[in-house]
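Here the structure is laid out as structure tokens; the discussion comes afterwards.
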Amino acid sequence: MDITSVSYYSDSTIVLSWMRKESRDLKTFVAIRVAITQESTEMNQWHHVPSEQNPADVISRALDPTRMQQSDFWWFGPTFLQELVVNFPGDCDDIHDPLDSSVQNRDVSSERLYLTELKNSTNCV
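The sequence shown begins at 1 in full-length UniProt numbering and counts up one residue at a time.
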């Protein structure tokens, strides 16, 4: 079998938006994984699939195991994958970061101030 092309699918618009960025602009944990993926794939290989068409979500939706055994969706995937010419449900060019990147990449710090009121200050040592 000659493999002429490879396609990848994600239902996460956040992940797909990260894939379009320079990995150095992301937080370390995400940046490392994005960089590895960017080095081994091309962006035009990635496609968005709506969650309803993602067979991996079947497991997370608590589907009864006997129904899952009989599920064509689980075994064969979404119908667009079974077509001779694949009509992708979504194009990554249409994916934009749903979260404001300035919020995503901002360092967060917090400070706390604790106040205690002494009721009877004459007993202080």
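Where a beta carbon is used, it is the ideal one built from N, C-alpha and C, also for glycine.
Helix, strand or coil at residue i according to DSSP, with G and I counted as helix
{"i": "Ser40", "result": "helix"}
{"i": "Ser71", "result": "coil"}
{"i": "Ser10", "result": "strand"}
{"i": "Ser102", "result": "In this prediction, Ser102 has a pLDDT of 49, which is less than 50 and means its spatial position is unreliable; what the coordinates show is noted afterwards. Helix, per DSSP."}
Short Cβ contact (7 Å threshold) for residue i with residue j
{"i": "Trp18", "j": "Val34", "result": "yes"}
{"i": "Gln58", "j": "Trp75", "result": "Note on residue identity: the sequence assigns Val, not Gln, to residue 58. In this structure, Trp75 does not lie closer than 7 Å to Val58 by Cβ."}
{"i": "Ser23", "j": "Ala31", "result": "yes"}
Residue i - containing alpha helix (DSSP H), residue span
{"i": "Ser23", "result": "Unbroken run through Ser23: none, as it is neither H nor E."}
{"i": "Ser17", "result": "Thr13 to Met19"}
{"i": "Ser60", "result": "Asp57 to Ser60"}
Close beta carbons around residue i, own chain, < 6 Å, minus the five adjacent residues each side
{"i": "Asp11", "result": "Val49, Ser51 and Asn54"}
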